[in-house]
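Numbers given in the numbering used here equal positions in the sequence shown, counted from 1, plus 14.
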Amino acid sequence: MVCSMTGYGSANVSSEFGEFSIEMRAVNNRFLDTGIKLPRELSSLEPQLRDWAKKNVLRGKFEVSIRWTNNASLLSKSVINIPLLREYYSDLEKEFGHDFAEAAVPSLLRIPSVLDCDEGNTLRFDEATLESIKSTIDSGIQLAFEQFLMNRKREGAFLVEDLSARITRLSELCDLIAREREQVLEDYVNKLRDRIKEFSAKTDLEYNQSRLEMEIVMFADKCDICEELVRMKAHLEAFTKLITGQDDALIGKSLDFLVQEMLREATTTANKCRSVEASALCVEMKTEIEKIREQVQNIA
């Protein structure tokens with residue numbers, strides 16, 4: 015099943031340690047480029063999240079953001095720097111009086127250095143607490159990722175519709191170019207025979223039938239595009255099979271390879287064309303392939 019490389023998902027989960035808001039988004043990128051935004055207290059989880067992204071996303075510029083609203087009880091037990099708070103309180107009381115200092119306490123608690131009782135300005139959890147927090151975050155990641163995938167598949171369905179129409183047109187162009195090639199060969203043979211007859215009528219020379227046939231064979235070989243068109247049709251069938259498949263495998267790289275092969279065959283075909291009409295069809299073919307290549311860049 016085709017998934018767009020662009021997607022968004024979010025989830026909110028909570029536990030005894032507070033509420034966690036999780037957002038993930040992705041945009042086009044040839045390779046996987048993961049960005050992780052975590053509260054500093056949970057920075058130890060970053061390697062695990064990167065490993066998870068590597069296994070589940072594979073392509074695109076992927077960002078995960080986790081915000082944590084701590085429970086007040088957890089903060090009061092763990093992060094208030096009491097000596098520093100008293101120092102600030104004392105200074106305010108001396109300068110502005112007791113009532114002013116009392117009213118300023120909530121503001122003082124928002125100062126980062128005041129909400130820090132551990133060396134290194136980070137909260138420190140025991141292993142059990144961190145595992146509990148990680149379990150809560152994992153459930154939120156799963157919920158957000160389900161929404162993320164749903165959005166990618168929805169956009170992928172629109173891409174399939176557009177790509178299918180273009181693949182159908184490319185198949186039609188292959189048939190038109192093949193017919194045009196047969197007409198070009200027939201016109202060449204007739205024109206060559208007419209010229210020989212005209213030349214023979216003006217001179218006493220007789221033309222060599224075997225030499226004429228050899229010239230026709232050489233010309234036919236130069237403009238023979240059967241192999242190119244057969245390979246093009248094979249690439250179109252493989253492309254269609256991939257975009258209409260129902261499994262969840264990521265197919266962007268495979269499609270990108272097929273598009274490169276299509277463009278190669280179209281270029282070779284164009285170089286062998288011997289008529290204005292066939293050349294125009296080849297130009298349209300290459301234009302369609304370029305549009306397909308642009309769309310494939312959006313597929314994971």
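For each residue, glycine too, the CB sits at the ideal point set by N, CA and C.
Residue i: CB within 6 Å of a non-hydrogen atom of the ligand ZN
i: residue 103; result: Within the structure as shown, the ligand ZN is missing, as the structure has no ligands at all.
Per-residue DSSP class, three states only, for residue i
i: residue 239; result: coil
i: residue 154; result: helix
i: residue 95; result: coil
i: residue 296; result: helix
i: residue 38; result: strand
i: residue 81; result: strand
i: residue 65; result: helix
i: residue 149; result: helix
i: residue 31; result: coil
i: residue 282; result: helix
i: residue 48; result: strand
i: residue 25; result: strand
i: residue 170; result: helix
i: residue 313; result: strand
i: residue 289; result: coil
i: residue 74; result: strand
i: residue 121; result: helix
i: residue 268; result: helix
i: residue 127; result: coil
Sequence-distant residues of the same chain with beta carbon closer than 6 Å to residue i, five excluded per side
i: residue 83; result: 32, 33
i: residue 50; result: 60, 63, 78
i: residue 9; result: The chain is shown only over 15 to 314; residue 9 falls outside these bounds and no answer can be derived.
i: residue 43; result: 74, 75
i: residue 119; result: none
i: residue 35; result: 26, 81
i: residue 115; result: 103, 106, 107
i: residue 37; result: 24, 79
i: residue 22; result: 39, 165
i: residue 153; result: 27
i: residue 192; result: 243
i: residue 170; result: 16, 17, 18
Cα-Cα separation, residue i to residue j
i: residue 287; j: residue 46; result: 41 Å
i: residue 160; j: residue 258; result: 21 Å
i: residue 267; j: residue 196; result: 36 Å
i: residue 96; j: residue 107; result: 16 Å
i: residue 241; j: residue 188; result: 12 Å
i: residue 184; j: residue 302; result: 7 Å
i: residue 26; j: residue 70; result: 20 Å
i: residue 147; j: residue 104; result: 37 Å
i: residue 131; j: residue 157; result: Unreliable placement is indicated for residue 131, whose pLDDT of 46 sits below 50; the coordinate value is still reported in the next sentence. When rounded, the distance between both Cα atoms is 34 Å.
i: residue 48; j: residue 253; result: 28 Å
i: residue 298; j: residue 250; result: 16 Å
i: residue 209; j: residue 181; result: 42 Å
i: residue 20; j: residue 162; result: 9 Å
i: residue 67; j: residue 124; result: 34 Å
i: residue 186; j: residue 264; result: 28 Å
i: residue 228; j: residue 275; result: 33 Å
i: residue 314; j: residue 72; result: 8 Å
i: residue 270; j: residue 277; result: 11 Å
i: residue 143; j: residue 94; result: 19 Å
i: residue 140; j: residue 149; result: 14 Å
i: residue 285; j: residue 239; result: 10 Å
i: residue 54; j: residue 117; result: 29 Å
i: residue 29; j: residue 248; result: 55 Å
i: residue 256; j: residue 145; result: 41 Å
Sequence-distant residues of its chain with Cβ nearer than 8 Å to residue i (five each side left out)
i: residue 366; result: Past the edges of the chain, shown from 15 to 314, lies residue 366, and the structure says nothing about it.
i: residue 151; result: 27, 34, 36, 56, 59, 80
i: residue 246; result: 184, 188, 276, 279, 280, 283
Residues of its chain near residue i, where Cβ-Cβ distance is below 7 Å and the 5 sequence neighbours each way are ignored
i: residue 99; result: 122, 128
i: residue 167; result: 15, 17
i: residue 194; result: 289, 291, 292, 295
i: residue 273; result: 303, 306, 307, 310
i: residue 262; result: 15
i: residue 52; result: 59, 60, 80
i: residue 260; result: 15
i: residue 312; result: 18, 19, 20, 42, 173
Cβ contact (3+ pairs, closer than 8 Å) linking the stretch 302–309 and the stretch 170–186: Below 8 Å, enough C-beta pairs join the stretch 302–309 and the stretch 170–186 to call them touching: three or more.
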